[in-house]
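Engineer: Following full-length UniProt numbering, the numbering of the sequence shown begins with 1 at its first residue and continues without gaps. Virtual Cβ for every residue (Gly too), placed ideally from N, Cα, C. Have a look at this one before I ask anything.
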Amino acid sequence: MKLGMSSYCVLPALKSGELHILDVPKWVKDHGGEHLELVPYGFTLIDQPELADQLRKRAEEEGIELSNYSMPANFVQDTEEEFVAEVNRLKEHVDLLDRMNIRHMRHDVTAFTLPHEKTLLPYFLNSFDQIIEGSKQIADYAAQFGITTTIENHGFSVQQSDRVQQVLLAVDRPNFKTTLDIGNFLCVDEDPMVGVKNNLPYASLVHVKDFYIRPFDEDPGEGAWIKTTHGNFIRGSIFGQGDVEIRKIFKYIKESGYDDKLTLEFEGMEECLEATRISLNNVRRLWDAV
């Protein structure tokens with residue numbers, strides 16, 4: 001297993017200036033990580049090629065692999081012109097990945113913030129052709145650079161394991177896989193163990209996170225709670241301290257033979273640097289224990 005983290009874990013520190021993105025590879029190394037996923041929040045690279053080059057060099061100096069690049073995208077557009085523009089925007093990011101020697105990319109396929117009715121099956125079915133065509137075009141473009149593109153169980157509309165599989169099977173490209181997030185299935189009220197069992201065979205990368213879970217009739221009140229598709233409540237936690245059955249999931253992943261990258265994604269309310277440090281330690285401890 002190769003342990004790493006997403007830059008999203010330390011987003012508050014990036015936004016406040018406590019950390020610069022160029023500091024993050026060393027921070028990862030100092031805290032036992034081997035790779036870093038880039039999520040372009042709190043910094044941008046697409047319009048700063050010099051910064052992109054500096055970050056690649058800094059990661060190489062620290063011996064930290066830039067393992068993935070995760071970005072928002074939306075292929076469900078009102079006009080053909082808007083669809084083409086979105087595909088071309090993603091191709092520019094693929095070019096950036098090649099420049100930085102990053103060979104793995106996660107892109108969304110619909111907008112992340114959607115009204116409830118657009119998280120339901122009719123919207124997914126009505127949008128399916130655009131989702132597939134956009135994903136095919138990006139996968140085909142990325143293939144020339146040896147880049148794997150992926151869909152994550154993320155964004156409410158395409159978050160259930162069966163919808164993710166429908167997209168994977170319809171796109172049908174050898175370099176189009178899934179970034180499997182063990183916690184995100186909860187956003188659409190799917191048992192994380194069920195989602196992991198369904199989609200692990202298609203995974204080229206595994207995101208690890210933990211959540212506190214409260215039922216719909218026990219409103220927890222203030223805080224960074226997310227309301228799920230069916231009205232339940234979840235909130236990001238320090239990894240290993242929430243309600244996700246981490247040990248059972250890790251045992252299943254390990255027994256499946258998967259022994260590649262695990263990428264921590266902390267998104268809780270706790271101070272991000274200390275919470276990420278504890279979370280990284282817990283990922284290693286719990287993985288080694290099963």
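Are the beta-carbon atoms belonging to leucine 51 and serine 7 less than 9 Å from one another?
Structural biologist: Cβ atoms of leucine 51 and serine 7: not closer than 9 Å.
Engineer: By how many angstroms is the C-alpha of leucine 186 removed from the C-alpha of glutamine 166?
Structural biologist: Rounded to the nearest angstrom, the two C-alpha atoms are 19 Å apart.
Engineer: Would valine 206 and isoleucine 147 be called neighbours here (beta carbons separated by less than 9 Å)?
Structural biologist: Going by C-beta atoms, valine 206 is not nearer than 9 Å to isoleucine 147.
Engineer: Exposed or buried, which one is glutamate 152 when buried takes at least 16 other CB atoms within 10 Å?
Structural biologist: Classification for glutamate 152: buried.
Engineer: By DSSP's criteria, arginine 58 is part of a beta bridge. Which residues make up the other side?
Structural biologist: Answer is none; arginine 58 lacks a bridge partner.
Engineer: When you compare only the Cα positions, how much space is there between histidine 20 and leucine 280?
Structural biologist: When rounded, the distance between both Cα atoms is 20 Å.
Engineer: My guess is that leucine 14 and proline 25 are in contact by the Cβ rule of under 8 Å, so how many angstroms apart are they, rounded?
Structural biologist: Not really, about 13 Å apart at Cβ, beyond 8 Å.
Engineer: On the DSSP bridge assignment, give the partners of leucine 262 in chain order.
Structural biologist: Answer is Leu3 and Val206, bridged to leucine 262.
Engineer: Under DSSP, the beta strand (DSSP E) around glutamate 152 begins and ends at which residues?
Structural biologist: Where glutamate 152 is concerned, the enclosing beta strand (DSSP E) stretches over 148-152.
Engineer: What is the DSSP secondary structure of glutamate 65, counted as helix, strand or coil?
Structural biologist: Looking at glutamate 65 - three-state DSSP - the assignment turns out to be strand.
Engineer: DSSP three-state call for methionine 269: helix, strand or coil?
Structural biologist: Of the three classes helix, strand and coil, the one that applies to methionine 269 here is coil, per DSSP.
Engineer: Using the beta-carbon count (16 or more within 10 Å), is arginine 106 buried or exposed?
Structural biologist: By the neighbour-count rule (16 or more Cβ atoms within 10 Å), arginine 106 is buried.
Engineer: Quick check on this structure: which residue in Glu133, Leu121 and Trp287 has the alpha carbon closest to the alpha carbon of threonine 229?
Structural biologist: Comparing Cα positions, the closest option is Leu121.
Engineer: For alanine 142, count the other beta carbons within 10 Å of its own beta carbon; 16 or more makes it buried, fewer makes it exposed. Which is it?
Structural biologist: Flag for alanine 142 reads buried.
Engineer: Spatial neighbours of glutamate 270 within its chain, please: CB distance less than 7 Å, with the 5 preceding and 5 following residues excluded, ordered by chain position.
Structural biologist: For glutamate 270, where only same-chain residues beyond five positions count, the Cβ hits under 7 Å are Ile238.
Engineer: Judging by CA-CA distance, which residue of Ala139, Phe156, Leu125 and Arg103 is the nearest neighbour of proline 115?
Structural biologist: Nearest C-alpha to proline 115: Phe156.
Engineer: Please state if the CB of aspartate 140 and the CB of arginine 173 are separated by a distance shorter than 9 Å.
Structural biologist: Taking 9 Å as the Cβ cut-off, arginine 173 and aspartate 140 qualify as a contacting pair.
Engineer: Taking only three categories from DSSP, how would you classify arginine 235?
Structural biologist: Looking at arginine 235 - three-state DSSP - the assignment turns out to be strand.
Engineer: Does glutamate 222 come out as helix, strand or coil in the three-state DSSP assignment?
Structural biologist: In this structure, glutamate 222 counts as coil in the three-state DSSP scheme.
Engineer: Can you tell me whether isoleucine 182 is helix, strand or coil according to DSSP?
Structural biologist: Isoleucine 182 falls in the coil class under three-state DSSP.
Engineer: Find out if the Cβ-Cβ distance for the pair aspartate 243, phenylalanine 266 is shorter than 9 Å.
Structural biologist: No, Cβ-Cβ distance for aspartate 243 and phenylalanine 266 is not below 9 Å.
Engineer: Let me check you understand the geometry: is the CB of glutamate 50 closer than 8 Å to at least one non-hydrogen atom of the ligand ZN?
Structural biologist: Inclusion of the ligand ZN in the displayed structure is not the case, the ligand content being empty and no account of it being possible.
Engineer: Reducing DSSP to helix, strand and coil, say where histidine 93 ends up.
Structural biologist: Helix at histidine 93.
Engineer: Who does glutamate 37 pair with in a DSSP beta bridge?
Structural biologist: Paired residues: Ser6 and Asn68.
Engineer: Report the residue from Gln54, Gly183, Gly63 and Ser16 whose alpha carbon sits nearest the alpha carbon of tryptophan 27.
Structural biologist: Nearest option by C-alpha distance: Gly63.
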